[in-house]
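As they're listed, the protein sequences go chains A and B. Counting along the first sequence from 1, when you hit position 609 you're at 609 in the working numbering, and nothing is skipped either side. Counting along the second sequence from 1, when you hit position 61 you're at 840 in the working numbering, and nothing is skipped either side. Shown next, in structure tokens, is the structure this report addresses.
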Amino acid sequence: MKIKEEIATILLETGTEREAVIPILQAIQKKYNYLPEEALREVCKKTTITPEQIMGVASFYSQFRLKPVGKHMIRVCVGTACHVKGASLIFDALHRELKLTGDEETDASGLFTLEKVSCLGCCTLAPVVQIDGVTYGHVAPDKAGKILTDFLGQKGKKAKSKIRNTEGEKIEGEIRIGLGSCCVASGSESIREAVEETVSNNGLQINLKSVGCVGMCHQVPLMEIVPANGVPVLYTHVDPKDVKSLIEKHFNPPTLLKRLSVRAQTLIENIQDDSRWEGVERYTSDVRERHITSFLGRQVPLATEFRGIINPLDINEYKSREGFTALQKCLTGMSPDEVTREVLDSGVRGRGGAGFPTGKKWEMVASQKAQVKYVICNGDEGDPGAFMDRMLLESYPYRVIEGMLIAAYAVGATKGYFYIRAEYPLAVKRMTAALQFCRDEGIIGPNILGSGWSFEVNLYEGAGAFVCGEETALIASIEGKRGFPTQRPPYPAVEGLWDAPTLVNNTETFALISWIIRHGASAFHSLGTAKSKGTKVFALAGKINRGGLIEVPMGITIRKIVEDIGGGIANGKKFKAIQIGGPSGGCLPESLADTPIDYESMAELGAMMGSGGLVVLDETDCMVDMARYFLSFTQKESCGKCTFCRIGTRRMLDILDRLCTGKGKAADLDELEKLAGWTKKGSLCGLGQTAPNPILTTLHYFREEYEAHVTGHCPTGKCMDLITYTINDKCIGCTLCAQKCPVDAIEFRPHEQHDIIQEKCIKCDTCRLVCPTDAVIKR
Amino acid sequence: MIELHIDGIKLSVESGTTVMEAARQLDIQVPSMCHNGDLPHFASCMICMVKDAKNGKMFTSCTVKATPGMEIITLDEEIREARKTALDLLLSDHVGDCDAPCQISCPAHMDIPRMNHLLAQSRFEDAYNVVIQDIALPSILGRICPAPCEGACRRNSVDEAVSICFLKMYAGDFIHQQKAKPMGNFAFSDGVPASAAMTTLRGSRVAVIGSGPHGLSAAWYLQSFGYQCTIFDRNPLPGGALRYSVPRNLLPEEVLDLEIERIKQSGVIFQMNAEIDPERVKELEKEFDAVVYPLEKPLKMAIKASAFGKEAAWETRQKLSGQPIIGEPKMFNSRFGKLQESEALEYLKESVPGDRIEPANGFTHGMTAEEVVAEAARCLHCECRKADDCLLRIYSNEYQADQKRFQGPERKPVTKQFQHDTVVYEPQKCIKCGICVRITAKHQEEFGLTFIGRGFDVVIGVPFSESIREGLTHTAGEAADACPTGALARKGGRK
Ligand SMILES: Cc1cc2nc3c(=O)[nH]c(=O)nc-3n(C[C@H](O)[C@H](O)[C@H](O)COP(=O)(O)O)c2cc1C
Ligand code: SF4
Ligand code: SF4
Ligand code: FES
Ligand code: FES
């Protein structure tokens, strides 16, 4: 009875059409935490949705759960950046900690459910674990248990927001807090609370402002203090505990002197307190001069113009920075054809991966004679090591909207969709709000900006399927189907959503449009290389000193990115390779680092620009393991429709598994290469066609590493089954390793040299990490 | 109209025609499994790939529409290899046996499950006709064969093997007891009838040297193929080792005589006391159109000798009719090895419980009819219901696919869903072509079938916790017939 009523309420919101199935399922899951069969049956009774459809869809998208889950969800990120920093060890440790066996996901008490996710979008904090809303970064395997206790201790402690109205009072300055996902994940929310608290307690007259991602994700959380008169200072890795003292350093609240002694004391305590086990370091120096210039200096912000300055949702601020002037210009002074021509002349190519000339695509859609045409902004961004689209949607929602509106005007579209990945709740929230503000301002809806032209935009939340980034699968998904790609041609430009001509462009592509219109095609054209114009946003992560989002001109070399922008390889290790383009891309060796990056050069080398994930690898990274990692991803994400992709990727993974566990044979390498070739040729959509790239590039550039695995040796010591842990005579008998070993593989023998019982060892790396004298040897 | 070239032949087709349909207009059959009539296209199996001659790219001919000026190649080495690889991949995830393991391990490749099926229904003569297609001497071999088939019998994983050998013996003995009808009418796979009254001989004559199991069997099959056979043997009585080496208590003389008598009745001429030396062989080669020579080394196992005799008959026939000499045509076989415990229970669903039955009246007498019916019912029917018309098997055969090439580390356990009255569903044989899903949707089944999960782990199943009974209320037959594999099949034996 209860379910019936609850479903009825949900259906009132979502509607009862077949295409509403995904929103309906999302609402049900939100309500019950999973999809109870009874609820699904009820939906079928009350709508035109069939059991076949609802079951097919519910089981296709990874967001949906058909079984009840524990009270709290633990998500271990196994995205690329986290993978190279040992995410699987963390997962194993939590698995042990929760006493799960086999495929079990929920612990016996029903408190926690453990799952793997691909990229939480805070790669610079890798490895990352998220429990419900709390994100833990830089997690070490031996700290798994501590995370759980910490989380349980944290619960319910949420402070109340105490925002203070500063209207009409004298402003002494501004405090900007980063609210990009990385910042939020690293705790900027609690910084915000601390700031609010300090500000209200001290009676300061300060503007508190949230800004989008500035791209310095390796330094989060960020707080910038801009005194009304004085130098602005950017603080990185801010700890909420320090907020008070930082603010007080810049502003002189009336009550300060009285409490100075107390403050000094806490400060000292903070410094000596080494229980800060998260491993997050704290900087209190003025880093703007040093870091911003080297990190941001070589970059050219177009899509990310005014980074760190504008408040993502402040429409007036966007307007004050030339926002919507490009749209205005198009609507009042340019014909749709002229707009398309301008985009064509700029030479901009699609940033979603394949690099199709955007102007050409617009022409195709524009030339279709149809009553109804659609524009879709592809914000699915499934590459497990990329987060630029997320950042653009979160930090510059109006810019993306403006780009879409211009496109819609140019191609004669009647309706637009934002398709945003489910794992990006913040982007969804921001975009929803931004769309509403635009409607309120008459920028979306009927008679836009008084031009007589009307256009409506909807937001559609994806449900977790990498393949839905592929445009035909994306369209199937909006239509309420399983995300099965279909044969192209017909291209969406001719026959897309509901069979109407549809323009699908990537988020970043749209983000570039207003700049092009404002500055003219030739300004854009003058940036970049012969065939790849303009700039590209990359998500830089992995083994570098400074990770984050960068926007650089096309044609910049790999080395410049790694060394000048990324600050070189971290921990004094050697630069080995970059992984570019995620699961569709490839691994390129250091010897090719002077290659200028553009669509052509990457494709020639067997990689792919892809959406712009750029993960830097050092000498400790195993290339066979990298290939295995990507194959396990694509294998899981294959829609399962066609033979080569569904079974071929699994069989390639089988071979890689064999190699990484010492069971490989020499003949495996040839078979792997052959199968990779067939999968490329024989798959229906881009997922299968590009899935072999990580294998083919590593086989090509690092064949000797594969050959070593055939002989049972992993040169980098990454492949667990091919290594052993031993303790040498540097051991001082401190017993730390014995205390920490989760499986008692080390006997507790104070003051004696310790020893590892090989049969018990699970190669979790804990002992090596805790040993104070580096006596634990991994071979 | 659209003009294009397929395999160098120019043709024009209506716009909207797929390349596959266009090729069919030229009578070029592009293989296809997941494509079905007017159901929407899906493009899953990838076996229909053809090549664009202009850029060398391959694509699925079932989905791509013909465009003006296309130049298509429908088969070359690369396409062949692509199709074979697709089949190798599908087979690596296809857990099922085409022929039952007993049949595969039988040297004569006798269709044991079909025999059992008929015996269990008391259709003894029909069972005999199945046996005799592969084993010329059922009564004899029923008594002396060491029964490798029983060693491979899957029933061993439940309790004990089916008494295959006694069943076969009964089938043979049954006919001999029906003196009135010494031979049943039976049809060979090429439709040539063989009966005692065979009149239409093909004109060629064959000499068969030796009257042991090899010679008898060769002569029997050649005679039934329509060649007049004459057996030459130096002994006074026919049977060779069967008569002169096998202990009489195992093989009574009257059984031997009866079985040889039947062969005589089929028209085979026996020339006894015929000393055969190299000279005489040369003469025979001149006198006859073909000669079947004895085995170089006599075989210990009579069943093997008899199987080789059948093989020799096929080769001789192929030689005489100018066909490539390949012996008895063999089909591709999908196999998956030993049963796991859970699987034995699945197989038992199709059978009856009960211990192995052996003749109560003693071995030489064989079983009673009641014993036969009960024992034959113990067969688990491990063969595929679509062994004769499964497209996966037919194409695997054509492209010489290799099931072992991509063998994974573990195989999925076999399950069999029997809830439905008329069809059986075996998900591990499914190739995920989606035809059944589209059929149930088209006919608006309340539940129907759907894809569950994605990627490698996707399965076809009934939504919610319903069974195939609820999933296929009025589309069962259509779906089973359209399923390209044995995954969905009609209940009951094969056609
Ligand atoms: C497996 C797969 C995943 C894809 N994922 C994305 C994605 O996350 N975002 C995106 O914009 N394009 C993605 N694409 C590319 C889209 O199909 C499409 O080409 C793109 O959105 C077009 O926009 P553009 O021309 O602006 O690049 C993907 C393609 C494939 C084959
Ligand atoms: S290539 Fe892979 S993802 Fe694409 S349609 Fe085929 S099975 Fe699906
Ligand atoms: S069961 Fe359905 S999906 Fe599977 S092979 Fe048969 S028709 Fe195709
Ligand atoms: S947050 Fe883990 S890889 Fe991005
Ligand atoms: S028939 Fe074309 S893909 Fe199966």
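Ideal placement from N, C-alpha and C gives every residue a C-beta, glycine not left out.
Within the region 1130-1201 of chain B, the complete alpha helix (DSSP H) runs of at least 4 residues fall at 1148-1155 and 1170-1177.
Taken in chain order, the complete beta strand (DSSP E) segments of 3 residues or longer contained in the region 803-843 of chain B are 828-831 and 837-839. Between ligand 5 and residue 539 (chain A), a heavy atom-to-CB distance of less than 6 Å is absent. Within chain A, no C-beta atom comes nearer than 9 Å to that of residue 848 (chain B); the closest sits roughly 15 Å away. In the structure shown, the three-state DSSP call for residue 596 (chain A) is strand. In terms of side-chain proximity, the C-beta atom of residue 822 (chain B) is found nearer than 6 Å to a non-hydrogen atom of ligand 5.
Listed along the chain, the chain A residues whose CB falls inside 7 Å of the CB of residue 1003 (chain B) amount to none; the nearest CB is some 42 Å away.
Within the region 1193-1253 of chain B, the complete alpha helix (DSSP H) segments of 4 residues or longer fall at 1214-1221 and 1247-1250, listed in chain order. For residue 893 (chain B), the CB contacts under 6 Å within the same chain, skipping 5 residues up- and downstream, are 909 in chain order. Two segments are said to touch when three or more pairs of C-beta atoms, one from each, lie closer than 8 Å; by this definition the region 357-366 of chain A does not touch the region 441-453 of chain A. Identification of residues in the region 814-840 of chain B having a C-beta nearer than 9 Å to some C-beta of chain A yields 820, 821, 822, 823, 824, 825, 826, 828, 836, 837, 838 and 839, given in sequence order.
For residue 1264 (chain B), there is no enclosing beta strand (DSSP E), as DSSP marks it with neither H nor E. Against chain B, the CB of residue 584 (chain A) has no partner CB under 7 Å away; the residue lies outside that interface.
Taking a 10 Å sphere around the C-beta of residue 1027 (chain B), we find fewer than 16 other C-beta atoms and assign the residue as exposed. Nearest to residue 1085 (chain B) by alpha-carbon distance, out of B:935, B:848, B:840 and B:924, is B:924. Close to residue 1211 (chain B), with beta-carbon spacing below 8 Å, are these residues of chain A in chain order: 640, 641 and 646. Excluding residues up to 5 positions away in sequence, 1070 lie with their Cβ nearer than 7 Å to the Cβ of residue 1064 (chain B) in the same chain. About 16 Å separates the beta carbon of residue 529 (chain A) from that of residue 551 (chain A), a gap too long to meet the 8 Å contact definition. Between residue 493 (chain A) and residue 372 (chain A) a beta carbon distance of about 14 Å is seen, past the 8 Å cut, so the two are scored as non-contacting.
By the beta-carbon neighbour count (other beta carbons within 10 angstroms, threshold 16), residue 1144 (chain B) is exposed.
The residue from A:563, A:739, A:558 and A:638 with its alpha-carbon nearest to that of residue 546 (chain A) is A:563. Across the set B:1271, B:1209, B:808 and B:903, the C-alpha of B:1209 shows the shortest separation from the C-alpha of residue 1191 (chain B). With respect to residue 346 (chain A), residue 517 (chain A) sits apart: the two C-beta atoms are not nearer than 7 Å.
Relative to ligand 1, the nearest heavy atom lies less than 6 Å away from the CB of residue 354 (chain A).
Measuring C-alpha to C-alpha distances from residue 3 (chain A) to each of A:13, A:15, A:40 and A:21 identifies A:40 as the nearest.
Where residue 494 (chain A) is concerned, there is no enclosing alpha helix (DSSP H), because DSSP gives it neither an H nor an E.
For residue 642 (chain A), same chain residues with a beta-carbon under 7 Å away, outside a window of 5 residues either side, are 683, 684 and 688 in chain order. If you ignore the 5 residues before and after residue 1096 (chain B), its C-beta comes within less than 6 Å of the C-beta of 1004, all in its own chain and listed in chain order. Taking 6 Å as the cut-off, the C-beta of residue 811 (chain B) counts as close to a heavy atom of ligand 5. Beta-bridge partners assigned by DSSP to residue 1003 (chain B): none are found. Within the same chain, and ignoring the five residues on either side of residue 757 (chain A) in sequence, the residues whose Cβ sits closer than 6 Å to its Cβ are 745. Residue 1074 (chain B) carries a coil assignment under DSSP once its states are collapsed to helix, strand and coil. Cβ proximity to chain A below 9 Å picks out 1184, 1185, 1186, 1187 and 1188 from the region 1172-1191 of chain B. Distance check between residue 1012 (chain B) and each of B:818, B:844 and B:1073 places B:1073 closest, using alpha-carbon atoms only. In the structure shown, residue 537 (chain A) adopts extended strand secondary structure according to DSSP, grouped into three states.
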